[in-house]
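S.K.:
In my numbering, the protein residues as written are 36 to 165.
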């Protein structure tokens, strides 16, 4: 498979990536060519092997914050529900006890997909949610 992104350097010395399909340009935010080439390789690899990219991201995140690997939406809901004034806390707790949020409760943050969030927003929780 041919690489999807290519690397170029602007006059200010900053390296950019450009998507060969969409033409979209993205700054690497670096003037270091070796760092820019690593970013380019990662970007191209993520297109070729998306599941590998996800696994590598989890590995890096677990090294930085091991507890993040196990954190669920229940942790987020509990923390958020207990903030603010009492009337607001009651309203948040009531909302989080509703069916759409109940299905999201046990999903790990790192395993969350867009469909999970859309299901809560639309109050339409699919059976494959858990």
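Beta carbons are placed, not taken as given, at the ideal position from N, Cα and C, and that holds for glycine.
The model shown is predicted, which means the values in this text are computed figures rather than measured ones.
What whole-angstrom Cβ distance do residue 74 and residue 52 have, given they're in contact under 8 Å?
M.R.: Residue 74 to residue 52, Cβ: 7 Å. Contact.
S.K.: Short of 8 Å in beta carbon distance, which residues of its chain neighbour residue 93, apart from the five on each side in sequence? Order them along the chain.
M.R.: 104, 145.
S.K.: If I'm right that residue 43 touches residue 54 with Cβ under 8 Å, what's the distance once you round it to whole angstroms?
M.R.: With a Cβ gap of about 12 Å, residue 43 and residue 54 do not count as contacting.
S.K.: With which residues is residue 107 paired in a DSSP beta bridge?
M.R.: DSSP lists 143 as partners of residue 107.
S.K.: If we ignore side chains and look at the alpha-carbon of each, how far apart do residue 50 and residue 89 end up?
M.R.: Rounded to whole angstroms, residue 50 to residue 89 spans 25 Å at the Cα level.
S.K.: Rank 65, 120, 111, 62 by C-alpha distance to the C-alpha of residue 147 and give the top, closest one.
M.R.: Ranking 65, 120, 111, 62 by Cα distance to residue 147 puts 111 first.
S.K.: Taking only three categories from DSSP, how would you classify residue 100?
M.R.: In this structure, residue 100 counts as coil in the three-state DSSP scheme.
S.K.: Report buried or exposed for residue 153, applying the criterion of at least 16 other Cβ atoms within 10 angstroms of its Cβ.
M.R.: Answer is exposed; the Cβ neighbour count stays below 16.
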